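K.L.:
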Amino acid sequence: MPEIGQCTHITCDNEIKELYKCHCCLRLICLYHLNIHAEITKQNNNRRLDNLRNELNTVVNTLKLIVEEKLLTIEHEQNLIKQAKKFLDISSSSIDELQNIFEKINQTIALNRLEGIMLKVEPSLSQTKYCSRVSDYNKENMNSNDEAEELKISKDDEYSTDIDHHFDGTVSL
653 MPEIGQCTHI TCDNEIKELY KCHCCLRLIC LYHLNIHAEI TKQNNNRRLD NLRNELNTVV
713 NTLKLIVEEK LLTIEHEQNL IKQAKKFLDI SSSSIDELQN IFEKINQTIA LNRLEGIMLK
773 VEPSLSQTKY CSRVSDYNKE NMNSNDEAEE LKISKDDEYS TDIDHHFDGT VSL
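Position 1 (the sequence shown) corresponds to 653 in our numbering; numbering is contiguous.
1) Grab me the residues of L763's own chain with a C-beta within less than 7 angstroms of its C-beta, minus the 5 sequence neighbours each way, in chain order.
2) What residue from E767, I757 and T660 has the CA that sits closest to H685's CA?
3) Where E721 and N731 are concerned, what is the direct C-alpha to C-alpha distance, given to the nearest angstrom?
4) Give the secondary structure of I662 by DSSP, where H, G and I count as helix, E and B as strand, and everything else as coil.
5) What are the start and end residues of the beta strand (DSSP E) that includes E670?
6) Just to check my reading of the structure: I681 and C674 have Cβ atoms closer than 8 angstroms, yes? What is that Cβ distance to the nearest angstrom?
7) Let me know the secondary structure DSSP gives L840 once reduced to three states.
8) With 16 as the cutoff for other CB atoms within 10 Å, does I837 come out buried or exposed?
9) Does the distance from the C-beta atom of F739 to that of L750 stay below 8 angstroms?
10) How close, in whole Å, do the beta carbons of I761 and A736 come, if the pair is a contact with beta carbons under 8 angstroms?
11) For L671, count neighbouring C-beta atoms within 10 Å of its own C-beta (all shown protein chains included) and say buried if the count is 16 or more, exposed if not.
12) Can you have a look at I692 and say buried or exposed, based on whether 16 or more other CB atoms are within 10 angstroms of its CB?
13) Just grab the DSSP bridge partners of E655 for me.
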């Protein structure tokens, strides 16, 4: 139910009018200014919606590029597997051919492990946002050695599984 009085909007005249509580500023204003406030709010919401749609489109396109890159990597890795199987099936394969495909596969494995370590160390976006909200808590309770220790363990795991198999039958770490 409207109240009667003077509109509190600074551009309004001093006449007595029906006043309504504005949902955005919580002031008592006349119907004319209430409509203006509603329109401004609508425009701001539309602008926010457009910005959010643009940002969503950007992250979707970025994710598409990442997926395409991963698919190309997987295709390349599958091709390496096919080549290796072909060399294994052919008894006349040369040592150089076997050594070459062996080195390519080992390099691919090492790169995959390195990427896995990077993924473990980098925080996700949601964790970053959460940390920024509770940064004081984190500063007091987070041990800076924890991340370094986790990275060291991951590196140790990587090195512990890097075993070179030589064609003369020897194995080295």
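Think of the CB as a built atom: it goes at the ideal place given N, C-alpha and C, for glycine as much as any other residue. Bear in mind the structure is a predicted one, so any value in this text is a computation, not a measurement.
P.N.:
On the basis of the data shown:
1) none
2) T660
3) 15 angstroms
4) coil
5) I668 to K673
6) Indeed, because the Cβ distance is near 5 angstroms, the residues count as touching under 8 angstroms.
7) Outside the displayed range of the chain (653 to 825) lies residue 840, so it cannot be described from this structure.
8) Absent from the structure is residue 837, since the part of the chain shown begins at 653 and ends at 825.
9) Cβ distance < 8 angstroms, so F739 and L750 count as in contact.
10) Not confirmed; about 12 angstroms, so no contact.
11) The residue in question, L671, is buried, as its Cβ has 16 or more Cβ neighbours within 10 Å.
12) exposed
13) L671, per the DSSP bridge assignment.
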